[in-house]
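Take a look at the structure below.
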Amino acid sequence: MAAGELARLARVVVANAAGDVPSPCVSVCRMDAGSGLCVGCCRTIQEIAGWSQMDDAARRDVWRKIVQRAEEPQP
Numbered sequence: 001m002a003a004g005e006l007a008r009l010a011r012v013v014v015a016n017a018a019g020d021v022p023s024p025c026v027s028v029c030r031m032d033a034g035s036g037l038c039v040g041c042c043r044t045i046q047e048i049a050g051w052s053q054m055d056d057a058a059r060r061d062v063w064r065k066i067v068q069r070a071e072e073p074q075p
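Counting from 1, one number per residue, gives the positions in the sequence shown under UniProt numbering.
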């Protein structure tokens, strides 16, 4: 998934205050050594590992961070 598509999806998830918060995983599970983020979902390893234990508010916070990360200029 391209960064722009991920950012658009993330904004939809953050805006939808009702219902379950879906996982941002897109089954492209590879960590970028430079950024420390998954190249598929833009999460840190801590966010990935802790996802199943997070409540909906924490998950939405992760999605907000994904929006910021996906919209940052890439080197």
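Every residue, glycine too, gets a C-beta built ideally from N, C-alpha and C.
Owing to the predicted nature of the structure, the values given are computational and were not obtained by experimental measurement.
Original post:
Would you call the CB atoms of residue 36 and residue 27 closer than 8 Å?
Top reply: Cβ distance not < 8 Å, so residue 36 and residue 27 don't count as in contact.
**OP:** Return the CA-CA distance between residue 65 and residue 22, expressed in angstroms with no decimal places.
**Re:** Cα to Cα, residue 65 sits roughly 15 Å from residue 22.
Original post:
Is residue 100 near residue 45, with beta carbons less than 8 Å apart?
Top reply: No answer is possible for residue 100: the residues shown for the chain start at 1 and end at 75.
Original post:
Straight-line CA distance for residue 29 to residue 42?
Top reply: About 10 Å.
Original post:
What alpha helix (DSSP H) runs, 4 residues minimum, are completely inside the region 29–60?
Top reply: Counting whole runs of 4 or more residues, the region 29–60 contains the alpha helix (DSSP H) stretches 45–50.
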